[in-house]
Each structure stands twice: as structure tokens, then as C-alpha cells.
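The numbering of the sequence shown is my numbering, which starts it at 2 and goes up by one. A short worksheet on the structure shown next.
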Amino acid sequence: METSSPRTGRDREPENDGDTGTGTDTARQWSPPVWLRVPAMALAMAALMGGLGYAVYRWAASGLPMEPLPGSPWPYLGAWAALTFLAGLLLQWATHGVDYDGRWALIGVPAFAGIRLSLAYRPDPTLLYAYGLTALAVAAAGIALWRLRRTAARPR
Numbered sequence: 002m003e004t005s006s007p008r009t010g011r012d013r014e015p016e017n018d019g020d021t022g023t024g025t026d027t028a029r030q031w032s033p034p035v036w037l038r039v040p041a042m043a044l045a046m047a048a049l050m051g052g053l054g055y056a057v058y059r060w061a062a063s064g065l066p067m068e069p070l071p072g073s074p075w076p077y078l079g080a081w082a083a084l085t086f087l088a089g090l091l092l093q094w095a096t097h098g099v100d101y102d103g104r105w106a107l108i109g110v111p112a113f114a115g116i117r118l119s120l121a122y123r124p125d126p127t128l129l130y131a132y133g134l135t136a137l138a139v140a141a142a143g144i145a146l147w148r149l150r151r152t153a154a155r156p157r
């Protein structure tokens, strides 16, 4: 018959093996740096809007609520993807340090509406870029003024 003896500290198994997540030894989760995360999120939103725009174009080919016009949709989808990417970067800059959960709806809804309208009426793509970039420039100026006033009003 074997005798059982208490285990010493050397041969004892660790109490926390990392599977349960309890204890003092918690693993840090990796998060990409801000300079990589911000463009990636804007790019993901632009890709989502481009994919939804193409789905709308294909859905219009079935003759449901929107009749497709002849011609390629890619100049319009590319324009809206580029504008959505820039709007996403602008949105990330504007809401940095502000706790707001519905920020992506601020560009998702207008971008989707713009895609629908531009695929339905097919304006000149240069006008689409001109008006879109003008709107983004005005928004950037407004955000810059807002951030300037916000930092000036912050107590030191």
C-alpha cells in the first residue's frame, strides 16, 4: 500500500491553467494600434457599402422597386466606396474621445441612400465626386471648429 504525502510546492500543479479566466493571471488581449484600426474600420465600412450597392444593382435587375438603367454600375459604386472611406476616416477623427455607439449609422444610412439614388438616376460621376468631396470638406471644417471649441472649453 502506498502512503500519501502532501505535495510540496515544486511538484504541485498550477491552480490556474488559463482556461477558466479566473485568478490573478489574466491574459492580455491583443488590439491593433490606432493607426491601423482606424483605416481598417473605414475600409470595412466602404466595402460593406460597395457590396450593398452591388446587391441593390442586382436586385434592380429583377425589376422590383428600381428599374436598372443601362451601363455599368462600377463608376458609381467606386465613387461611393471612396466617399464612404473618407467619411469613415472623418467620422473616426470626429468621434475620437466621444462615447457614441451609433456612429457608423451616421455614414451608413446616407451612403446607402446615395448609392440607391445614383444607381437610379445615373448622374455624371465627376459631379458625384465634386459634391461628395465638397460635403466632406464642409463637414471636416465644422468638425475642426467643434473640436477646437471643445478643447478650448476644457479646464486645464
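Note that CB positions come from ideal geometry on N, CA and C, so glycine has one too. Please read these numbers as outputs of a predicted model, since none were measured by experiment.
- Here residue 135 is exposed: its Cβ has fewer than 16 other Cβ atoms, across all protein chains shown, within 10 Å.
- Distance from residue 113 to residue 44 at the Cβ level is roughly 17 angstroms; contact not present, criterion being Cβ atoms closer than 8 angstroms.
- Assignment of residue 33 by DSSP, reduced to helix, strand and coil, places it in the coil class.
- Residue range 126-154 is occupied by the alpha helix (DSSP H) that includes residue 139.
- Burial state of residue 32 is exposed, judged by a 10 Å Cβ sphere holding fewer than 16 other Cβ atoms.
- The C-beta of residue 156 has fewer than 16 other C-beta atoms within 10 Å across all chains shown, which makes the residue exposed.
- Here the C-alpha atom of residue 144 lies approximately 9 angstroms from the C-alpha atom of residue 96.
- Rounded to whole angstroms, the gap between the alpha carbons of residue 139 and residue 94 is 14 angstroms.
- One thing to note: residue 51 has its Cβ no nearer than 8 angstroms to the Cβ of residue 92.
- Pairing residue 116 with residue 81 gives a Cβ-Cβ distance under 8 angstroms.
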